[in-house]
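A.B. asks: This is the structure I want to talk about, given as structure tokens.
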Amino acid sequence: MFRILNNNDFITLILIVILCINSYANASIKFSDRIEEYYLDNGLKVILLEDKRGPAVVSSTWYKVGSSYEYEGITGISHLLEHMMFKGTTKYKPGEFSRIIKNLGGSENAFTGRDFTGYYQKVHKDHLEECIKMESDRMVNLLLKPNELKTELEVVKEERRLRTEDNPIALAFEEILLQSFGYNGYGIPIVGTNHDLNKLTVSDVQSWYQRFYTPKNAILIIAGNFDRQKTKHWIEKYYSAITKVSENHQIKPTRHKIDYNTIHKYSRVSETTILMSFLNPKYSKENKMEHYALDLLLELMDGGYSSRFTKSIIDEKKLALETFISYESYPKENNIITLGGILRDGTKPEILQDAILDEFNKLINDGISDEELVQIKSRLIAENIYKFDSLFYQAMNIGTLETKNIEWNTIDQYLNDIDKITKQDIIEVAKKYITSKKFIFTIIEPEKI
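The numbering of the sequence shown is the numbering used here, which starts it at 20 and goes up by one.
Right, here's the structure in full:
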């Protein structure tokens, strides 16, 4: 026989779930018990993270360079260099790196972000040395040929067309970021602009490679099942002889004032979409708890079927077909928080805008229930624990933080920090960051025939 839980029973049940989750977390994702970090004499930072649950290992190399390091005239160069890293070295032919990993039964890929460029291979532990050997080789022996660059530039421009120019929402985000920051920091598109891509030369890419792809500007992260002594020997063997020296990375930002004017676009969309973009200051140790309170605030508003946006705006008021939030927890530079929604027929953009702001005003005026606080904390904690079941995600999380100059042990502290956030903390960040006065309002409507 089932019975309906009252509020106290419900809260007790959720608290028990959180305790179980936290116990699992301490056993499964506490990195401090499993990590060794050290530096080679040439400045390369090495992080070894053991996870012996299976025979696989992930080798990943991270460089502290991405689109936020660029400037107008060379936008997209970090992403282009990522592509060129697969085009051969003095020891390996174009594409040979990928073929070797595939023949070993492994997988590999690369990615460029705003603050980093990363390369990873996932293989059986018996093949780890091969990954270390090949990755160290392309740190120093990359060959940049004009014909290969010309071909890859067309690939990158096609990628830009598919991901940005043919995607009305992505194109709007690009415009919002430029309107917010200009060609500084996170205002610079990761894939670059066609204007700049068309001008990039082998000399430009070679200079970028020499400047940023150095041991002192890199982090090598090995996560998974490996022999610690052998792995450290291989790292010393293949990386210690690299003597490339990093140059000064400081880029002087241009002056830019945020433009809060409304962006109104007509595009190939079937329903009208609105975006509301608010300033999100860069992460620091001093404002860490504010960022975590924002995590919880935005989870409360749009974190699934039980969220406030879903219940009120979609189900009750029927103003939107869908709502969404775009937000980064650890921005290295000033960034934006974007709230948005796809309008139902008959809903005016300003009506949905007001409804979204009303939800934050209700939270500020009426507060948060105990049940809501427990639910959003348990969801965030559970999401983070489940993600850490993946070797790739473990390495990804550490690399992302380290390239933003945030210590990896922030991960160990995260669950406890989230648990410390109060209802009042969440209300205060809503007051501080989500206001009705300062945001960029974007309307994307179907093209008029």
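Every residue gets a Cβ at the ideal spot worked out from N, C-alpha and C, and that includes glycine.
Does DSSP put E305 in a helix, in a strand, or in coil?
C.D. replies: Note: E305 maps to coil in three-state DSSP.
A.B. asks: Can you tell me the Cα-Cα spacing of E91 and Y202, whole angstroms?
C.D. replies: 6 Å
A.B. asks: In this structure, does DSSP put P465 in helix, strand or coil?
C.D. replies: strand
A.B. asks: Among residues of its own chain, excluding the 5 on either side of E466, which ones have a beta-carbon nearer than 7 Å to its beta-carbon?
C.D. replies: Y285, S286, R287
A.B. asks: What's the C-alpha gap between K337 and I361?
C.D. replies: 11 Å
A.B. asks: For the stretch 152-180, which segments carrying the alpha helix (DSSP H) assignment without a break, of at least 4 residues, lie completely within its bounds, in sequence order?
C.D. replies: Within the stretch 152-180, the complete alpha helix (DSSP H) segments at least 4 residues long are 165-179, listed from N- to C-terminus.
A.B. asks: Please confirm whether P208 and T94 have their CB atoms less than 8 Å apart.
C.D. replies: yes
A.B. asks: Between L317 and I344, which are expected to be in contact by the criterion C-beta below 8 Å, what is the C-beta distance as a whole number of angstroms?
C.D. replies: 5 Å
A.B. asks: Whole alpha helix (DSSP H) runs in the stretch 193-279 with 4 or more residues, listed along the chain?
C.D. replies: 213-216, 221-231, 247-258
A.B. asks: Go ahead and label K71 buried or exposed: buried means 16 or more other beta carbons lie within 10 angstroms of its beta carbon, across all protein chains shown.
C.D. replies: exposed
A.B. asks: What's the gap between the Cα of V174 and the Cα of Y111?
C.D. replies: 22 Å
A.B. asks: How long is the line joining the alpha carbons of L147 and E154, rounded to whole angstroms?
C.D. replies: 11 Å
A.B. asks: Tell me, please, whether the CB atom of E464 is closer than 8 Å to any CB atom in chain D?
C.D. replies: Going by chain labels, chain D is absent from the structure shown, which holds only one protein chain.
A.B. asks: Going residue by residue through the stretch 337-366, where are the continuous beta strand (DSSP E) segments of at least 3 residues, counting only ones entirely within it?
C.D. replies: 339-345, 354-362
A.B. asks: Would you check if the distance between the CB atom of S86 and the CB atom of S97 is smaller than 8 Å?
C.D. replies: Their beta carbons are under 8 Å apart, which means S86 touches S97 by this criterion.
A.B. asks: Would you tell me roughly how many angstroms separate the C-alpha atoms of T220 and K164, rounded to the nearest one?
C.D. replies: 10 Å
A.B. asks: Are K251 and N213 close, meaning C-beta to C-beta below 8 Å?
C.D. replies: Going by C-beta atoms, K251 is not nearer than 8 Å to N213.
A.B. asks: Rounded to whole angstroms, what's the CA-CA distance from K64 to Y405? Just pull it up for me.
C.D. replies: 27 Å
A.B. asks: Do you know how far the Cα of A242 is from the Cα of Y452?
C.D. replies: Y452 and A242: Cα-Cα distance of roughly 37 Å.
A.B. asks: Measuring only the C-alpha atoms, how far is A44 from T441?
C.D. replies: The pLDDT assigned to A44 is 45, lower than 50, so where the model puts this residue is not dependable; a value taken from the coordinates is nonetheless given after this. The alpha-carbon of A44 is positioned some 21 Å away from that of T441.
A.B. asks: Determine the contact status of I238 and E421, defining contact as a CB-CB distance below 8 Å.
C.D. replies: yes
A.B. asks: Considering only C-alpha positions, which residue in the set T170, F192, A75 is nearest to H143?
C.D. replies: The candidate whose alpha carbon is nearest that of H143 is A75.
A.B. asks: In three-state terms, what does DSSP make of I383?
C.D. replies: helix
A.B. asks: If the criterion is Cβ atoms closer than 8 Å, does the pair I293 and T183 meet it?
C.D. replies: no
A.B. asks: Near H275, what residues of its chain come up, given a Cβ to Cβ distance below 7 Å and the 5 sequence neighbours on each side ignored?
C.D. replies: F200, G201, N203
A.B. asks: What is the DSSP secondary structure of Y88, counted as helix, strand or coil?
C.D. replies: Y88: helix per DSSP, three-state reduction.
A.B. asks: Hey, Y346 and I425: beta-carbon distance below 8 Å or not?
C.D. replies: no
A.B. asks: Based on the DSSP output, what are the partners of Y139 in its beta bridges?
C.D. replies: S79, N128
A.B. asks: Considering only C-alpha positions, which residue in the set I240, L392, N299 is nearest to K141?
C.D. replies: I240
A.B. asks: Specify, as a first and last residue, the run of the beta strand (DSSP E) that E56 falls within.
C.D. replies: 54-58
A.B. asks: Would you please state the rounded distance, in angstroms, between the beta carbons of I459 and I261? I believe it to be under 8 Å.
C.D. replies: Their Cβ separation, rounded to whole angstroms, is 44 Å, which puts I459 and I261 out of contact at 8 Å.
A.B. asks: Thinking C-beta only, is V84 closer than 8 Å to K136?
C.D. replies: Checking the sequence shown, residue 136 turns out to be Thr, not Lys. Yes, Cβ-Cβ distance for T136 and V84 is below 8 Å.
A.B. asks: Just to confirm the assignment, what range does the alpha helix (DSSP H) spanning I282 have?
C.D. replies: Careful: I282 lies outside any alpha helix (DSSP H), inside the beta strand (DSSP E) at 282-286.
A.B. asks: For Y324, count neighbouring C-beta atoms within 10 Å of its own C-beta (all shown protein chains included) and say buried if the count is 16 or more, exposed if not.
C.D. replies: Exposure of Y324 is indicated by the presence of fewer than 16 other C-beta atoms within 10 angstroms of its C-beta.
A.B. asks: Do you know how far the Cα of K152 is from the Cα of S265?
C.D. replies: 21 Å
A.B. asks: Apart from the five residues on each side of it in sequence, which residues of its chain come closer than 8 Å, Cβ to Cβ, to E378?
C.D. replies: Same-chain partners within the cutoff: M320, R327, F328, S331, I332.
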